[in-house]
Amino acid sequence: MEFRGSDILSVDQFQKEDLRVLFDMAAQMEVYATRQKVTRVLEGAVLANLFFEPSTRSRVSFGAAFNRLGGEVRDTTGFTFSSMAKGESIHDTSRVISGYSDMMVVRHPEEGAVKQFADATNIPVINGGDGPGEHPTQALLDLYTVMKEHGNNLENIDGLSIAMIGDLKYGRTVHSLAKLLSLFDDLFFTFISPKQLRMPREIVERIRGRKHRIRETENLEEGVKDADIVYMTRIQEERFKTKKEFARHRGRYSVDRQFYENHCKDGTILMHPLPIDNRPGAQEFNDALHGHPKLAVYRQTDNGIPIRMALFALVLDVADKVHDTAKDALWYHPERIDSD
Amino acid sequence: MEFRGSDILSVDQFQKEDLRVLFDMAAQMEVYATRQKVTRVLEGAVLANLFFEPSTRSRVSFGAAFNRLGGEVRDTTGFTFSSMAKGESIHDTSRVISGYSDMMVVRHPEEGAVKQFADATNIPVINGGDGPGEHPTQALLDLYTVMKEHGNNLENIDGLSIAMIGDLKYGRTVHSLAKLLSLFDDLFFTFISPKQLRMPREIVERIRGRKHRIRETENLEEGVKDADIVYMTRIQEERFKTKKEFARHRGRYSVDRQFYENHCKDGTILMHPLPIDNRPGAQEFNDALHGHPKLAVYRQTDNGIPIRMALFALVLDVADKVHDTAKDALWYHPERIDSD
Amino acid sequence: MEFRGSDILSVDQFQKEDLRVLFDMAAQMEVYATRQKVTRVLEGAVLANLFFEPSTRSRVSFGAAFNRLGGEVRDTTGFTFSSMAKGESIHDTSRVISGYSDMMVVRHPEEGAVKQFADATNIPVINGGDGPGEHPTQALLDLYTVMKEHGNNLENIDGLSIAMIGDLKYGRTVHSLAKLLSLFDDLFFTFISPKQLRMPREIVERIRGRKHRIRETENLEEGVKDADIVYMTRIQEERFKTKKEFARHRGRYSVDRQFYENHCKDGTILMHPLPIDNRPGAQEFNDALHGHPKLAVYRQTDNGIPIRMALFALVLDVADKVHDTAKDALWYHPERIDSD
């Protein structure tokens, strides 16, 4: 794909070669993301960070990534623009904001809405999540994490065994990550979920079409055995017809240190798109795992910054100029962010 | 007027010579507004962008304009400051925020409230709309658009024929624009509205006092004939006593390509302060006009950036320093924002 | 204390020597806070300004202070993070945001919550107010104001007579300020409040333990006599069981010009953490005091900027680099902010 000036709407835009370009760029961004260096390449640029549904972390992550490149961020939050409440079309909202900004990130509760924003303007638009649709930057940072946790080499993804757990039917995160992974060779997917939350057939078929192996099970113990990656997700209440049915599944898949030691092979990486439901009875990963060297969930969210910086830099075509303005970061930064 | 350190509260502050100064400055800002160049003249300055009622686009426009000059923006949204809910006076709110910022933009639902903010501080305050009162920067960008669409020459405004359409009684936009236009010579105003939404008599009298011609009509076809500018506005539900009465007027004035070809003279410019009500039965300008060379509504909203930049630069007295820090913008920007 | 990399959670962290370091730094910040100079020492740094309850002024003050050092600010407002509503722990929220930012300011309605944020990360966290708990930067700017109003010399605080007025039971502001003041020598505290809103015994004991004199009274006239500082606070409705009881106390302590002339000694400084309840029947300080040379409330809120800048600079360890990037502020700034 051509990154320059492109909208980033779906993981389907990415071929393996594009991932290589993106991840190489992200690797170059780490020095800024970890506050060793400062770059000002986007000084003077303005990001319109439009969040039509609440997603504080994604909003702050996109905004901070743009700031780290030297750019400014104008945020909007809340479902309705005052103008959209008055009947303004997405076309007009998008076109108006395009005149104020160099790029838009749009989060919207309705599938397809972000594409409408993109269609109305030549300013690049990044999909920050469109309801049950896509959230491509999440899948990209997930895959980047898989790579970094395995020798920081894209070739090492071939042959991995990946267990995906939880709500595989509605979870857009696992759908997008599975699609990206399927670009690699010889993977072994294990899909662990209640029967009514199984991975959609079209995604299973796509993966099979790329000659990967697939196993589906409801059993966590059995499923995680031999997995290189355990990718856990939360089971969401709103997917069930009755509270009783939800209660039956909630907390069904939960991993703690004991479980890890008993059932996971040495070196299994634990991932989760967050948030973890930390309330009693859920706790997909429990607090006792904090500090476990293979719990990658915080490294995973941290990776959102270099990935989003890389996307901004590539789409705004400043990849070769990022380092020209580089200087040392002058302020205190802890060696480790984690306190445990 | 003296721009330096002034509050910008009303279009009544502007004489023709002031408009010339402002528009000359705005013209110098276009190179930054269109991302060919970057200026950092306000680097280190802080704008307090206080929106006590929702107006996402105005808020983002003011903020982005300040950013384009190199300044930082602290936003507040929502009707009540937590402190105002506890009985704090406007005087105190204004004075407190003045200690944090170099300039305030204030949007408030009550007429006169922004003046109270301005009275409480020597920090410059710009009126971002005070309910039924004023919204001077909208009128200034409207007039700037009229000028740019007519040879980019202020002299060319003399003699124009302007049709204003819709809710002329309550629409502060048309009031303010009519006042500014009346500073020029020999205009022909056509006011097209339902009888109960006619232009207020005091504005009609002011215009007549400046020797312009005026025609008032309810008939769109008749009214737009020979107009150089068609300035359309929406008819707002809250102005009518009953839904039935509103329904009678809603969508009464709607222009599409067919209508334009049948009733407008060649070259008639279509303007609208936005948002357009795009729902069926309204559509003051319908979607089929997208891409029409004379549909100026998006150029109009884009003009908000150079106009607001120019006001900031003049009031903060950096007009002669703006270009000292200019450098090339390094990132991708599409040649045309419009996608159609 | 060691400022570098520290969390600022409580006034109890500060010894007299720390105050000297902080106030020296704040004094160096005044030139930036008053827009004579610009510093860019934190250019590239990102502050996460997390407000889980509304406090517009504190939020804007922290944000503007970070901007004045050249840093960027990502704001969040509203009680719930979308993710916390889904059961995310404070640990995870804090850890996630830590990956996006160099520092966090956290305001939270629950006592102790900010400490939980701090415990979850090595990124420095500043307490922006945790319910009935602490709001250390308010007490620090209050004390800085006391010093500046008395010859700008920390030694001059010894021997002062301070009257604290209003809700002394629940007002965290007076608790924290009293604790800080008690580090000095030979003070005379007068606590003026209704009986049921008296200063908590443990604070009285702490002050007594430092050999200061204390007087408690319900009588304003008697209490303010000979005071060097009158520190007024509002009486808050939510502290009373019945509206009737509240009505009996509201407006009980109110100072106007007449009262000042009749009861205060020459030179008595009037302070208030703001907001003042300006509604009839309250008005702790009334509007007629505007412009009075000893009304220090606006200088007090202005002092929030240099104090917060100083804290940021010390904690992020750039104190010795602040001036390296200093340049002249180019834009208009009024000589006096106050309009009266």
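Protein chains in written order, with our numbering: chain A, 166 to 505; chain B, 166 to 505; chain C, 166 to 505.
The C-beta atom is built at its ideal place from N, Cα and C for all residues, glycine as well.
At which residues does the beta strand (DSSP E) containing residue i begin and terminate?
i	result
A:M436	I434 to M436
A:Y396	I394 to M397
C:S326	S326 to I330
A:E402	No beta strand (DSSP E) contains A:E402, which DSSP labels as neither H nor E.
C:T382	R378 to T382
Do you know how far the Cα of residue j is from the Cα of residue i?
i	j	result
A:F227	B:L333	42 Å
C:I472	A:T286	45 Å
A:R272	A:L306	17 Å
C:H428	C:A475	37 Å
A:Q448	A:P365	25 Å
B:F188	B:K492	22 Å
C:M312	C:L325	11 Å
C:I327	A:G446	53 Å
C:T221	C:L439	12 Å
C:H498	B:Q303	26 Å
B:L362	B:V339	12 Å
B:R413	B:H457	29 Å
B:D489	B:A191	16 Å
C:K202	C:I470	14 Å
A:R371	A:F424	32 Å
A:S248	B:N443	11 Å
B:I357	B:T466	23 Å
B:M436	B:E426	16 Å
A:T433	A:G277	36 Å
B:E195	B:V225	18 Å
B:L460	B:A198	20 Å
A:D107	A:R417	Only positions 166 to 505 of chain A appear in this structure, which leaves residue 107 of chain A out of reach.
Would residue i and residue j be called neighbours here (beta carbons separated by less than 7 Å)?
i	j	result
B:G235	B:R205	yes
B:L207	B:V238	no
C:S259	C:F231	no
A:P274	A:S175	no
C:N214	C:V261	no
C:I173	C:I291	yes
A:G209	A:P289	no
A:I322	A:A343	no
A:L352	A:H377	yes
B:R185	B:L346	no
List the endpoints of the continuous alpha helix (DSSP H) containing residue i.
i	result
C:T128	For chain C, the structure presents residues 166 to 505; residue 128 of chain C sits outside this window and is missing.
B:A453	Per DSSP, B:A453 belongs to no alpha helix (DSSP H) and is neither H nor E.
A:E370	R366 to G374
A:M312	P301 to E314
A:G388	L385 to V389
B:T338	R337 to L346
B:D284	A278 to D284
Distance cutoff 7 Å, beta carbons only. Does residue i sit that close to anything in chain C?
i	result
B:R224	no
A:Y335	no
When you compare the CB of residue i with every CB in chain A, is at least one pair closer than 7 Å?
i	result
C:S504	no
C:K280	no
C:Y197	no
B:G456	no
C:L481	yes
Are the C-beta of residue i and some C-beta of chain B separated by less than 7 Å?
i	result
C:P499	yes
C:T466	yes
C:R444	yes
A:E253	yes
To which residues does DSSP link residue i through a beta bridge?
i	result
C:E237	C:V211
B:D493	B:K202
B:N292	B:V271
A:F216	A:T242 and A:R272
A:D431	In the DSSP output, where bridge partners are listed per residue, A:D431 has none listed.
C:D503	B:T286
C:V420	C:F450
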